[in-house]
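The listed protein sequences correspond, in order, to chains A and B. Under this note's numbering, think of the first position of the first sequence as 1, with each following residue one higher. Under this note's numbering, think of the first position of the second sequence as 716, with each following residue one higher. A quick write-up on the structure given underneath.
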Amino acid sequence: MSVKKITVALSGNPNSGKTTIFNNLTGLRQHVGNYPGVTVEKKEGVVKYKGYRINIIDLPGNYSLTAYSQEEIISRNFIINEKPDVVVDVVDSSNLERNLYLAVQLMELDTPLVLAFNMSDVAKKIGKMVDIELLSELFGLPVVETVGSKGIGKKEILEAAIDLVEKGKRKKVEIKYSEEVEKEILNITSVMEKEEIPTFNFNPRWVAVKLLEQDADVINVLKKAAGAKYGNIEDTVNNSINHITGILRETPEVAIANSRYGFIKGALLESYREVETAKLDRSERIDRILTNRIFGIPIFLLVMWLMFQAVFSLGKYPVEWLELGFEKLGNLVADFIHNYLLRSLLVDGIIGGVGGVITFTPNIIMLFFAIAILEDSGYMSRAAFVMDRVMHKIGLHGKSFIPLVIGFGCTVPAYMGSRILENKQDRLVTMHINTFMSCGARLPVYILFAGAFFPAIAGNIVFSIYLIGVLMAVIMAKVLRATRFRGESEPFVMELPPYRIPTLKGVLIHTWERVWEYIKKAGTVILAISVLMWVLFTFPMIGENNYSEDYESQIEEIELLNQNGEITVDEYENSISEIEAKMAGESLAYSAAGRIGHFMEPVFRPLGFDWRMVVATVSGIAAKEVIVSTMGTLYSIEDTEGQSESLQTALYKHYTPLVGYNFMLFTLLYFPCLAAMAVFRKEAGTKEMLFQMGYTLLLAWAVSLLVFQIGSIFI
Amino acid sequence: MRRWGIGRRIGAGSVRFGGAVRAGAGGFRHGGYLSMADAVPKKRYRVVRINGGYRINSRLCAMGFVPGEVFYVSSAYRGGPRCVYIKGTKFAIGSGMAESIQVEEI
Numbered sequence: 001m002s003v004k005k006i007t008v009a010l011s012g013n014p015n016s017g018k019t020t021i022f023n024n025l026t027g028l029r030q031h032v033g034n035y036p037g038v039t040v041e042k043k044e045g046v047v048k049y050k051g052y053r054i055n056i057i058d059l060p061g062n063y064s065l066t067a068y069s070q071e072e073i074i075s076r077n078f079i080i081n082e083k084p085d086v087v088v089d090v091v092d093s094s095n096l097e098r099n100l101y102l103a104v105q106l107m108e109l110d111t112p113l114v115l116a117f118n119m120s121d122v123a124k125k126i127g128k129m130v131d132i133e134l135l136s137e138l139f140g141l142p143v144v145e146t147v148g149s150k151g152i153g154k155k156e157i158l159e160a161a162i163d164l165v166e167k168g169k170r171k172k173v174e175i176k177y178s179e180e181v182e183k184e185i186l187n188i189t190s191v192m193e194k195e196e197i198p199t200f201n202f203n204p205r206w207v208a209v210k211l212l213e214q215d216a217d218v219i220n221v222l223k224k225a226a227g228a229k230y231g232n233i234e235d236t237v238n239n240s241i242n243h244i245t246g247i248l249r250e251t252p253e254v255a256i257a258n259s260r261y262g263f264i265k266g267a268l269l270e271s272y273r274e275v276e277t278a279k280l281d282r283s284e285r286i287d288r289i290l291t292n293r294i295f296g297i298p299i300f301l302l303v304m305w306l307m308f309q310a311v312f313s314l315g316k317y318p319v320e321w322l323e324l325g326f327e328k329l330g331n332l333v334a335d336f337i338h339n340y341l342l343r344s345l346l347v348d349g350i351i352g353g354v355g356g357v358i359t360f361t362p363n364i365i366m367l368f369f370a371i372a373i374l375e376d377s378g379y380m381s382r383a384a385f386v387m388d389r390v391m392h393k394i395g396l397h398g399k400s401f402i403p404l405v406i407g408f409g410c411t412v413p414a415y416m417g418s419r420i421l422e423n424k425q426d427r428l429v430t431m432h433i434n435t436f437m438s439c440g441a442r443l444p445v446y447i448l449f450a451g452a453f454f455p456a457i458a459g460n461i462v463f464s465i466y467l468i469g470v471l472m473a474v475i476m477a478k479v480l481r482a483t484r485f486r487g488e489s490e491p492f493v494m495e496l497p498p499y500r501i502p503t504l505k506g507v508l509i510h511t512w513e514r515v516w517e518y519i520k521k522a523g524t525v526i527l528a529i530s531v532l533m534w535v536l537f538t539f540p541m542i543g544e545n546n547y548s549e550d551y552e553s554q555i556e557e558i559e560l561l562n563q564n565g566e567i568t569v570d571e572y573e574n575s576i577s578e579i580e581a582k583m584a585g586e587s588l589a590y591s592a593a594g595r596i597g598h599f600m601e602p603v604f605r606p607l608g609f610d611w612r613m614v615v616a617t618v619s620g621i622a623a624k625e626v627i628v629s630t631m632g633t634l635y636s637i638e639d640t641e642g643q644s645e646s647l648q649t650a651l652y653k654h655y656t657p658l659v660g661y662n663f664m665l666f667t668l669l670y671f672p673c674l675a676a677m678a679v680f681r682k683e684a685g686t687k688e689m690l691f692q693m694g695y696t697l698l699l700a701w702a703v704s705l706l707v708f709q710i711g712s713i714f715i
Numbered sequence: 716m717r718r719w720g721i722g723r724r725i726g727a728g729s730v731r732f733g734g735a736v737r738a739g740a741g742g743f744r745h746g747g748y749l750s751m752a753d754a755v756p757k758k759r760y761r762v763v764r765i766n767g768g769y770r771i772n773s774r775l776c777a778m779g780f781v782p783g784e785v786f787y788v789s790s791a792y793r794g795g796p797r798c799v800y801i802k803g804t805k806f807a808i809g810s811g812m813a814e815s816i817q818v819e820e821i
């Protein structure tokens, strides 16, 4: 028997438990991609059942099939254009009326539909009884009961879907709108017919309804298809809208919505009854505390603190193990490969670069684990509610706060965390300002410079840098909102779902998907950039003749002294590493990166920077903490681990405190490391990434220029 | 669509539909009605009209904010978002959106 292939699309309201059902159906055999041209996730999975190979597609969670959001248009177009064999609409059984609104819209589209009444156990417990068979009869489509959290109903969904494919639909139920609306629908369809306007895959009645609802997407499609003839349709539709509004005293989209709810109410009247229970609403009681006017924000801050701790304190240990592992791996490779260049490429370039990025993985696992718990439990939307008023003032969404806090730890997970913002503009603004939340990798730079120039008040100086970062974020959020991301900020209306205990399986799957994406990224783009950076800092290689002193013979001399026992082992080792540090410094100055530093120096002179600082800044693109070791190499100081005192002395000798502070500012403001940029590109596209790099560089330059020029007058 | 779009939201439109907005009698000027943004906890209200424009209206309807629906406010920040129970679901709604929903106390 040959395997028959069918496609099943999962649809449903947000918080209906659709994702849990999807996970149950497909297990770990999932594939996450993107819908072409947009950043909306497309999740697919395959399940084999009764000789069928069923491709399951998880459509974005929606309240309706209007053109309100990208997600809705995607779902709708998928159903219209791809024509899945079956659409399974997951419905929250404890909230039938609202959830069935989407089902009715699917019925209007004439889709082969199966309704999955999810969380039916909860509904029964709170006294909401529904006669499944009767409702199935009234709607003319199969209805199954499921309990996603307990894995109940998987078989029933698949049976119903296959049954629908094999036997076809039972009957077509047409939703009748009010008389006036029906009349105008007829009017519009007849004009469309007369003008011979193509409706493509759409059914003409449906198009007429969408025109009355003034659906922007359908209007656009029709405009393109009808060309000049669109004017006639537009006049007809406008007349119809006026007519309906005049008679019904409500606009067509509201009148049509009312009819849909009327249809649902009619069906439920016969098949549904609510038994009064004395059960207290647990969610309401929890909300009284968590969204309390006084306690709401402190509780939220506490949750953020806990999350931050989980991500960075708990994540610290595996990060250290990974670092140690990569170091060991580097040493191992170094022992086996004797060719200097190849060894350097493998150890410093590839293992160092990719390893540096992979080591963030534990942080990212913890972060997405925490986010998954917050989302699945229902707290995330409360957090947005609590923070909305504060964040709204700077033109951001309540949820923006979460990635911004994460940014203090590491910008990479912060960018990824911005996904919790559904609105694209909110998401982009949040990402564009996130770099000003000073990440952990920048701290070593601050410690080095603050310690060198302001040893007595180093703590306050570092704090001031963090504060300036936050201030800059607020200013830039306002600026970006007023310029590039003007558009209306999304009106805020969001469901606060009942609190639920998240399932481990769900949380783990969510976490794994994100983490895997990150690792894949590190394996490809970051590998390429690491190699590029290595080339920049290695070539052209300094020949023996180009050193300023004859280091080779100096080394030979010391070795001779050592062999003769004229110096102690300590003295020997110190002298050797001193010479090697000088050599490294000179070869770095000779390399492309060093030359870039010299070449770019005039641009940075007005900020008080010399070529060494420019080279360090370039190396900071690889990872900001690298700035410290680059500075060390450039000043030929061996052992640049942490805050080497000799490096601080060298810095103190070469620069004024003003330049030192200015360099910290510059480090704060220019875009974070290459790993972060790779993630930025993945999340927001190349254009936005380039914008991020360009504007932060410009801002860093301008601010540092101002500080140095004005500062120079006073100091 | 633009032709009549302006008049339908406010003022004249509301007067014409007088019966439905009796609650706000006397003050049918620009935004002169009782809106969801004015609703306070511990009272029951009914949605009278939604004036958000096509896009927002469709969205609100899909979420259950339809004329005739009864709701109550469970908590509210002054000038900020509020929690509203409607059609069996709890929503957080921002003040801007809440202002576009005309309500009456019952």
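For every residue, glycine included, the Cβ atom is placed at its ideal position computed from N, Cα and C. Small disclaimer: the values here were computed from a predicted structure and weren't measured.
Chain B contact residues for residue i, given Cβ-Cβ distances below 9 Å
i	result
A/N77	Correct list: empty, because the minimum Cβ distance to chain B is about 17 Å.
A/D388	Y792, G795, P796, A807 and G809
A/S64	S773, R774, C776, A777 and M778
A/S240	Near A/S240 there are no residues of chain B at all, since even the closest Cβ is about 11 Å away, more than 9 Å.
A/N258	C776, V781, P782 and G783
Residue i versus residue j: straight-line alpha-carbon distance, rounded
i	j	result
A/K18	A/L467	42 Å
A/G427	A/P657	For clarity, residue 427 of chain A is Arg in the given sequence; the question names Gly instead. Approximately 38 Å, taken between the alpha carbons.
A/V405	A/A414	8 Å
A/F714	A/V707	11 Å
A/G642	A/I465	Residue placement at A/G642 is flagged as unreliable, the pLDDT there being 44, under the threshold of 50; the coordinate-derived value follows with that caveat. Distance between the alpha carbons of A/G642 and A/I465 is about 19 Å.
A/T696	A/K150	49 Å
B/M751	A/V390	21 Å
A/E71	A/K83	17 Å
B/K824	A/Q692	Nothing about residue 824 of chain B can be reported from this structure: the residues present for chain B run from 716 to 821 only.
A/V493	B/I808	4 Å
A/I247	A/W206	22 Å
A/I710	A/F666	16 Å
A/A450	A/V603	24 Å
B/G803	A/S120	15 Å
A/G61	A/K176	26 Å
B/G811	A/G594	55 Å
A/N239	A/E41	40 Å
Supposed close pair residue i, residue j - CB separation, criterion 8 Å
i	j	result
A/L96	A/Y272	6 Å
A/F385	A/T291	6 Å
A/L10	A/L59	6 Å
A/I627	A/V445	5 Å
A/E180	A/I233	That belief does not hold up - the Cβ atoms of A/E180 and A/I233 are roughly 19 Å apart, past 8 Å.
heavy atom of the ligand MN below 7 Å from residue i C-beta
i	result
A/I402	This structure simply doesn't include the ligand MN, nor any ligand for that matter.
Residue i burial status per 10 Å Cβ neighbour count (16 or more: buried)
i	result
A/L269	exposed
B/I825	Residue 825 of chain B lies beyond the range of chain B shown here (716 to 821); nothing can be said about it.
A/N545	exposed
A/K210	buried
B/G742	Confidence at B/G742 is low in this model, with a pLDDT of 35, below 50, so the placement of that residue is unreliable and no value is reported for it.
A/I621	buried
A/A719	For residue 719 of chain A there is no data in the structure shown, the boundaries of chain A being 1 and 715.
A/L212	buried
B/G779	buried
A/E506	Reading off the sequence shown, one finds Gly at residue 506 of chain A, where the question assumed Glu. Its Cβ being crowded by 16 or more others within 10 Å, A/G506 is buried.
A/V3	exposed
A/Y730	One cannot answer for residue 730 of chain A here, as it falls past the ends of chain A, which runs 1 to 715.
Partners in chain A for residue i, counting only beta-carbon separations shorter than 8 Å
i	result
B/G789	The displayed chain sequence assigns Ser, not Gly, to residue 789 of chain B. Result: E284 and D287.
B/K802	N95, E97 and R98
Contacts that residue i makes with chain B (C-beta to C-beta distance below 8 Å)
i	result
A/T291	S790 and C798
A/F385	P796, C798 and A807
Chain-ordered chain B contacts of residue i [CB-CB under 7 Å]
i	result
A/L496	C798, K805, F806 and A807
Query raised in the report: Between the segment 161-177 of chain A and the segment 186-201 of chain A, do three or more beta carbon pairs fall short of 8 Å?
Result: By the Cβ test, the segment 161-177 of chain A is not in contact with the segment 186-201 of chain A, since fewer than three Cβ pairs between them sit closer than 8 Å.
Requested in this report: Evaluate contact between the segment 558-574 of chain A and the segment 366-377 of chain A, counting only Cβ atoms and requiring at least three cross-stretch pairs below 8 Å.
Outcome: Cβ pair count under 8 Å is below three, so no.
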